[in-house]
Amino acid sequence: MKWEALQGDHAADVVVIGGGITGLSTALHLAEAGIDVTLLESGDIPSGGSGRSVGLVNAGLWIPPDDIRTVLGEALGERANAILGGAPAEVFSLIERHGIDCQATRTGSLHLAHNGGGEQELARRAEQFQRRGAPVELLEADACRERWVPGASAGRFSIAEPAPSTPPPTHGAWPGPPRRPGHACTPGVLPPALPKRGMTGG
-5 MKWEALQGDH AADVVVIGGG ITGLSTALHL AEAGIDVTLL ESGDIPSGGS
45 GRSVGLVNAG LWIPPDDIRT VLGEALGERA NAILGGAPAE VFSLIERHGI
95 DCQATRTGSL HLAHNGGGEQ ELARRAEQFQ RRGAPVELLE ADACRERWVP
145 GASAGRFSIA EPAPSTPPPT HGAWPGPPRR PGHACTPGVL PPALPKRGMT
195 GG
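Oh and the sequence shown: position 152 is 146 in the numbering used here, straight run, nothing missing.
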């Protein structure tokens, strides 16, 4: 599909700048809620970090859940933890709902420790995730090796977390064909493109 360059004045309820995974998800959810949204991207979708990542979908942040709660407060912190913990399920729900062909797999992930300090940190994280109902396990080296990488040498401890997974980078993850640089995108609509120098008028 070819989109024409943006001409004249345009208005939208919400303008999302950036066509990475966060911008695409934001624009998609707004559009599904009936909000008039325009997505602006100066490069390909996605041409930035989302298109160059290793394609992991992880639950949460590297910051431990209890630390998030300490910084944000109990109510907001636990809300953030719940949203972050549900992120992989949300990503795979979008992939299935929109029939996105991105070779997604749900294989889980391993967080490894190579020394005593790492062991303590993994044990702390595992306890915090388990307390919140996450299906994570703390494995010793032999169990990790036998279960996940037979025949390989292993470190001391690891956390096995089945929720995260490994789709490839988000090239092609936007429903529809790849977009030319400078396009404004709305799910299900072919909006005009935005010149890299920006919009005019209001």
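A virtual CB, placed ideally from N, CA and C, is assigned to each residue, including glycine.
These numbers were taken from a predicted model, which means no experiment stands behind them.
Asked: Counted within 10 angstroms of its Cβ, other Cβ atoms place GLN122 as buried (16 or more) or exposed; Found: buried
Asked: C-alpha distance - GLY67 paired with GLU26, whole-angstrom precision; Found: 31 Å
Asked: C-beta atoms of ALA83 and ILE89 nearer than 7 Å; Found: no
Asked: Exposure label - LEU50; buried when at least 16 CB within 10 Å; Found: exposed
Asked: Delimiting residues of the alpha helix (DSSP H) encompassing THR16; Found: 15 to 26
Asked: Beta-carbon proximity of ALA21 to LEU34, cut-off 7 Å; Found: no
Asked: Beta carbon of GLY14 nearer than 7 Å to that of SER36; Found: no
Asked: Separation of LEU116 from GLY110, as counted between CA atoms; Found: 10 Å
Asked: Same chain, Cβ closer than 6 Å to GLY71, five either side skipped, listed in chain order; Found: ILE62, ARG63
Asked: Where GLU134 sits in the DSSP three-state scheme; Found: strand
Asked: Beta-carbon gap between ILE29 and ASP60 smaller than 7 Å; Found: no
Asked: Presumed contact (8 Å Cβ cut-off) between VAL10 and VAL31, rounded CB distance; Found: 6 Å
Asked: Local conformation of SER87 per DSSP, three classes; Found: helix
Asked: Spatial distance of ARG100 from ALA120 (CA atoms); Found: 20 Å
Asked: Alpha-carbon to alpha-carbon, GLN124 and GLY12; Found: 35 Å
Asked: Alpha-carbon to alpha-carbon, ARG126 and ALA74; Found: 12 Å
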